[in-house]
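Data first, discussion second: the structure below is written as structure tokens.
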Amino acid sequence: MEPKSVPNSSSAPILEVEDLSISFGGVQAIFGVSFQVKPREIFSIIGPNGAGKTVTLNCINGLYKPERGRVLLEGKDITRWKPYRRAEAGLARTFQKIELFSGMTVLDNIRLGRHVHLRSGILSSAFYLGKTAREEIESRKFIEEEIIDLLEIEHIRHKIVGMLPYGLQKRVELARALALNPKVLLLDEPMAGLNLEEVEDMARFILDINEEERWQVTCILVEHDMGVVMDISDRVAVLNFGQKIAEGTPQEIQENPEVIRAYLGDVEDLYATRR
Amino acid sequence: MPHEGRPEELEITKDLTLPKLFLRKCQQYGEAKVAMREKEFGIWRPFTWKDYLENVKTICLGLVSLGLEKGDKVALIGDNRPEGLWAEMAAMCAGAVGVWLFQDSLLDEVQYIVDHSDAKFLIGEGQEEVDKGLAIREKCPKLRKIIWDDPKGMRHYDDPMLISIKELQKLGRELDRKEPGLFYELVEQGHGDDICLLFYTSGTTALPKGALLTHYNMLKMGQNLMRVDPCYPEDDFVSYLPFAWIGEQMMSISCGLQVGFTINFPEEPETAQENIREIGPQTMFAPPRVYEQMVRTVQVKYLDASWLKRKIYEWSMKVGYQWSDCLFEKRPVSLWLRFKRYLAHLLLFKKLKDHLGLSRIRHTYTGGAAMGPDHFRFFHAIGVNLKQIYGQTEIAGISVLHRDGDVKFDTVGMPIPETEIKITEDDEIISKSPSVFQGYYKNPEATEKTLREGWLYSGDTGFIDEDGHLVVFDRTKDIMILSDGRKFSPQFLEARLKFSPYVRDAWVIGHEKPYVTAVICIDYATVGKWAESKGIPYTSYPELSQKPEVYELIKAPIMEVNRTLRPSARIRKFINLYKEFDADDEELTRTRKLRRAFVEERYKDIVHALYTDAAMVHMDTTITYEDGRVVEIKTDMRIESVPEQGGG
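Which chain is which? The protein sequence lines are A and B, in order.
Residues in the first sequence are numbered consecutively from 258, following the working numbering.
Residues in the second sequence are numbered consecutively from 104, following the working numbering.
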């Protein structure tokens, strides 16, 4: 991987999580989790199974209501916002298990992601007035030139999603999230189930959308592939049993004895990653 | 779309060059005609002749301001795209020589060709090509600059050796302002006998050799081809086969410039088939593998179709074959057959041709390797005018071609105008034409061997049949001597085996051996699908290839082919290889020809086992991935006997 410019650490956080807690029945899923993500960062959340990583993501994008704590996007408290409002405000996500419309084409799935940004009313759309046409042309341009080209999915544009191999479906899911033109992108295990080549491609795409001048999307990544996490993250937070036990640069995390004990097991295992 | 008469023929003098002709066409068409299109962001984007000129001019002057001089070499690598053709034309305009590399060439090949050709500039497409250039520059001291045109992934590259094509064109524009008219002066200095292309032949045996071709060679090539099969300015041509293949140059450069048809570039290599369908070209030239793939696609779809559709297909194809056999044998076609054939056209062929992108085809050519008669008959049965050609890089493309209405699928047709073909006493095919190359670059020994008194020695064996058609038997060194002392062409057998949709590649062995055997590479997609439908579990290519059921599946087409052969040529044993042949493993050339000497050495254990009583053979091999990773594979393969059968 090539060197990456470290985002300005003095700038205000784009996303803040404060003292987040939620429990299911008697089980405390996460407890008092706080962190701040700076604009243009790739921020990874790691931890053993059941540590509360996905729950944290679900609280951020509004699938779950936290019992305590706040989520702030660009300084605004969005804790009580509905998920669709958060999407409009620039928060997009992909899922651990693919959540696409498998009977629709790739292009239709991506267009759906664009839908929140279409402003035409029913009347205007029905008569296809100038404004609607303009909006559609812009939307098409955005999808084709920014997303399909970036993710190299030209050849499957008109294919039905359900017929595609898993690795490509993952890419389509990322494409749909990008169609929102998000400021912050939540990625839940983007590498799960991919082969080595697909992992490399996906890492490349994440770096692209993070660094490319056009995008500069802040990414929050939940991932088990330590090779990828350590390679592309600016900072990493470690959860264990619903609590944050460490936060820092990949280097610091790799050297943190508590992390090694809690999550990575023995020191030797630390390097037992894919590469 | 029948055309009245032929377009006016160009007078090719020794003074004419490709760039001069290019300027003439630009003047003639200007903004009024589309010179090329590229599909980008889902839309076909046109470039008029004026745009073409503007781009070539600025790239040319850009290169000149970086120090390009007459006679310098410019290496080019990348997918087919307008920028590639502009850069090639730009180099020629400055009197320089274009050297095309295959897009998927590995580092060693790139290094060898860039170094051997003394290239001063390397014009690549994007990050991948730039990486290759940067990796070899230490060993290619003559290389000055690497130019790229696709900005994707290039944001962290700031090596002083790199320059984007946009920057280059900016330099070109500055030079144009300072010295207006320089570009036209440069073009004017060119002469027909100047070298314009240095073409490295893929070489089935040794290191690639660089064939030197002049403007005159290229211009005459296009002219003589089109004297047989004219093209028209309104035609569309899809450029998707590697520019490093002479056939593509012959169409895009030799014919394209003379006629001024529109060249279309697909969006991505993966979308080529789809894009061809959108364009519907009038003419096409492709190696057999492209047609083989089309047939395979049709056969697979047939297997997947509903009962009624399968019946319609079967009936229509039967009619199609009857009809095409009448034509091949030059028998009259009965009215009843004509009617049935028309019905079959409506029911099947029309749709089929549309899906394959062949609806508007006037003539389409195959060449570069042998194609089986079964494939040939298939295309004629559905009404596609497929013709065999024969040629080589050293003759700037082709020298022999079928004429309309005189297609015989075991021949390659008759010489094109201004071309002489002779057979030497050793049965070697030799030819003479204005397109014969000037020699190999920095390789006088090879030149002497190939070029004698103006005759081009091909190294192919063949004869001229009673109708005056040339029959190409095989590469001389590949001819098999069978147990009964007869000569036989392994390529012929291999091509026939490949008609089965389940066989992707075949390698037939039998030279001075007691019997003939075959090594088969199954087609992963088709066999995989078949296995799924039969409920046969598998996880990988090696595993699938060794399934007993798959052996049975492969045995059927082998027996089918055997039935038509005399006993000594029949395949007695075969083995399913655990992997496909791959150019990266050097088993195939970049144009997908089998490198026999190499595979014989690499798989000598297999060859040995095929001629003993062994039922299994064990292999340890290494596989090289495209990124250079090497993986070791240990595997066991079964040897299967093909039962004897009567008849033949």
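Yeah, the Cβ is synthetic: ideal placement off N, Cα and C, and Gly gets one too.
Bear in mind the structure is a predicted one, so any value in this text is a computation, not a measurement.
*For the stretch 138 to 220 of chain B, list the alpha helix (DSSP H) runs that are entirely contained and at least 4 residues long, ordered along the chain.*
The alpha helix (DSSP H) runs lying completely inside the stretch 138 to 220 of chain B and spanning 4 residues or more are 152 to 168, 185 to 196, 210 to 219, given in chain order.
*State the CB to CB distance for the pair L713(B) and T620(B), rounded to an integer number of angstroms; the pair is presumed to be in contact (CB under 8 Å).*
If you number the second sequence from 1, residue 713(B) lands on position 610. If you number the second sequence from 1, residue 620(B) lands on position 517. Correct: roughly 4 Å between the Cβ atoms.
_Straight-line gap, L656(B) to Q353(A) (C-alpha atoms, nearest Å)_ = Taking the second sequence and counting its residues from 1, the one referred to as residue 656(B) is at position 553. Taking the first sequence and counting its residues from 1, the one referred to as residue 353(A) is at position 96. Using only the alpha carbons, I get a separation of about 40 Å.
*Please say whether L124(B) and L360(B) have beta carbons closer to each other than 8 Å?*
The residue labelled residue 360(B) in the question sits at position 257 within the second sequence. The residue labelled residue 124(B) in the question sits at position 21 within the second sequence. Yes, these two residues count as a Cβ contact at 8 Å.
*Looking at the C-beta of E232(B), does it have a partner C-beta in chain A at a distance below 8 Å?*
The sequence position of residue 232(B) within the second sequence is 129, counting from 1. Cβ-Cβ to chain A under 8 Å: no for E232(B).
*Closest Cβ-Cβ distance between I736(B) and chain A: below 8 Å?*
Position 633 of the second sequence holds residue 736(B). The beta-carbon of I736(B) is placed no less than 8 Å from the nearest beta-carbon of chain A.
*Taking the CB atoms as reference points, tell me whether F224(B) and R240(B) lie closer together than 8 Å.*
By one-based count along the second sequence, residue 224(B) stands at place 121. By one-based count along the second sequence, residue 240(B) stands at place 137. Result no, Cβ atoms of F224(B) and R240(B) do not sit closer than 8 Å.
*Which residues of chain B have a Cβ atom closer than 8 Å to the Cβ of R537(A), listed in chain order?*
Outside the shown range of chain A, which is 258 to 532, sits residue 537(A), and nothing can be said about it.
*Thinking S301(A) and E470(A) are a contact (beta carbons under 8 Å), I'd like their distance in whole angstroms, please.*
Stepping through the first sequence from its first residue, residue 301(A) is reached at position 44. Stepping through the first sequence from its first residue, residue 470(A) is reached at position 213. The distance from the Cβ of S301(A) to that of E470(A) is about 23 Å, inconsistent with a contact at the 8 Å cut-off.
_Under 7 Å (Cβ pairs) to chain B, residues found in the stretch 370 to 401 of chain A_ = Per Cβ criterion, the list reads E401.
*Can you list the alpha helix (DSSP H) stretches of 4 or more residues lying completely in the stretch 642 to 716 of chain B, in chain order?*
The qualifying runs are 644 to 648, 651 to 666, 699 to 705, 707 to 713.
*Taking the DSSP output, what are the residues bridged to W558(B)?*
What you label residue 558(B) is simply residue 455 of the second sequence in a count that begins at 1. Beta-bridge pairing links W558(B) to R555(B).
*Mind listing which residues of the stretch 355 to 374 of chain B have their C-beta closer than 8 Å to chain A's C-betas, in chain order?*
Flagged, chain order: E370, E371, E373, T374.
*Cβ of T351(A) within 8 Å of Cβ of D491(A)?*
The residue you call residue 351(A) lines up with position 94 of the first sequence. The residue you call residue 491(A) lines up with position 234 of the first sequence. In this structure, T351(A) sits away from D491(A), with a CB-CB distance that is not shorter than 8 Å.
*Residues in its own chain within less than 6 Å of K707(B) by CB, not counting five upstream and five downstream?*
Mapped onto the second sequence, residue 707(B) falls at position 604. Within the same chain, and ignoring the five residues on either side of K707(B) in sequence, no residue has its Cβ closer than 6 Å to its Cβ.
*On the three-pair Cβ rule with 8 Å, is the stretch 406 to 424 of chain B touching the stretch 606 to 618 of chain B?*
No contact exists between the stretch 406 to 424 of chain B and the stretch 606 to 618 of chain B.
*For S278(A), write down the residues that DSSP places opposite it in a beta bridge.*
For this step, residue 278(A) is matched to residue 21 along the first sequence. Partner(s): R325(A).
*Rank I709(B), G475(B), I726(B), D507(B) by C-alpha distance to the C-alpha of I736(B) and give the top, closest one.*
Residue mapping note: residue 736(B) aligns to position 633 of the second sequence, counting from 1. Of I709(B), G475(B), I726(B), D507(B), the residue nearest in Cα terms is I726(B).
_What would DSSP say about M104(B), mapped onto helix, strand or coil?_
In the second sequence, residue 104(B) corresponds to position 1, counting from 1. Its pLDDT being 46, under 50, M104(B) is placed unreliably by the model, and the measurement read from it follows with that caveat. Residue state, collapsed to three classes: coil.
*Just curious, the beta strand (DSSP E) that W251(B) is in, first and last residue?*
Numbered from its first residue, the second sequence carries residue 251(B) at position 148. W251(B) -> beta strand (DSSP E) spans 248 to 251.
*Are any of the Cβ atoms in chain B nearer than 8 Å to that of E480(A)?*
On the first sequence, position 223 is the one that residue 480(A) refers to. Chain B contact via Cβ: absent.
*Among A375(B), G236(B), K404(B), which has the Cα closest to the Cα of V393(B)?*
Here residue 393(B) is taken as the residue at index 290 of the second sequence, counted from 1. The residue from A375(B), G236(B), K404(B) with its alpha-carbon nearest to that of V393(B) is A375(B).
*asked:* Using beta carbons (cut-off 8 Å, strictly below), is E411(A) in contact with chain B?
replied: As a position in the first sequence, residue 411(A) is number 154, starting the count at 1. The beta carbon of E411(A) falls within 8 Å of a beta carbon belonging to chain B, placing the residue at that interface.
*Y423(A) - DSSP class collapsed to helix/strand/coil*: As a first step, residue 423(A) must be located in the first sequence, where it is residue number 166. Shown here, Y423(A) sits in a helix according to DSSP, grouped into three states.
*Any idea which residues DSSP pairs S267(B) with across the strands?*
For the purposes of this step, residue 267(B) is identified with residue 164 of the second sequence, where counting begins at 1. BP columns for S267(B) point to W251(B).
*Could you tell me if R399(B) is buried or exposed, where buried requires 16 or more neighbouring beta carbons within 10 angstroms of its beta carbon?*
Position 296 of the second sequence, counting from 1, holds the residue named residue 399(B). R399(B) sits buried, since 16 or more C-beta atoms from the chains shown fall within 10 Å of its C-beta.
*Closest Cβ-Cβ distance between R258(B) and chain A: below 8 Å?*
Numbered from its first residue, the second sequence carries residue 258(B) at position 155. It does; some Cβ of chain A falls within 8 Å.
*Taking the C-alpha atoms as reference points, what is the distance between R463(B) and P372(B)?*
To locate residue 463(B), count along the second sequence from 1; it is residue 360. To locate residue 372(B), count along the second sequence from 1; it is residue 269. Whole-angstrom Cα-Cα distance: 22 Å.
_CB contact below 8 Å: E468(A) versus chain B_ = For the purposes of this step, residue 468(A) is taken as residue 211 along the first sequence, with counting starting at 1. Nearest CB-CB separation between E468(A) and chain B: below the 8 Å threshold.
*asked:* Let me see if you follow: with CB-CB separation under 8 Å, is D491(A) close to chain B or not?
replied: Taking the first sequence and counting its residues from 1, one reaches residue 491(A) at position 234. So, not an interface residue.
*Backbone secondary structure at E259(A) - three-state DSSP*: Start at 1 with the first residue of the first sequence, and residue 259(A) comes out as number 2. Because E259(A) carries a pLDDT of 43, less than 50, the predicted location of this residue cannot be relied on, and the following value inherits that uncertainty. Residue state for E259(A) is assigned as coil, using DSSP reduced to three classes.
*Who are the neighbours of D458(A) on chain B, taking C-beta pairs under 9 Å?*
Here residue 458(A) refers to the residue found at position 201 of the first sequence. Within chain B, not a single residue places a beta-carbon under 9 Å from that of D458(A); the smallest gap is close to 12 Å.
*Cβ neighbour criterion (16 or more within 10 Å) applied to Y423(A)*: Here residue 423(A) refers to the residue found at position 166 of the first sequence. Flag for Y423(A) reads exposed.
*Shortest alpha-carbon distance to R695(B) belongs to which of L438(B), M474(B), M324(B)?*
Here residue 695(B) is taken as the residue at index 592 of the second sequence, counted from 1. Of the candidates L438(B), M474(B), M324(B), the one whose C-alpha sits nearest the C-alpha of R695(B) is M474(B).
*Does the beta-carbon distance from A197(B) to L179(B) come in below 8 Å?*
Sequence index remark: in the second sequence, residue 197(B) carries index 94 (1-based). Sequence index remark: in the second sequence, residue 179(B) carries index 76 (1-based). Not closer than 8 Å, so no.
*Is the stretch 321 to 330 of chain A touching the stretch 410 to 421 of chain A, taking contact as three or more C-beta pairs under 8 Å?*
Too few Cβ pairs lie closer than 8 Å, so no.
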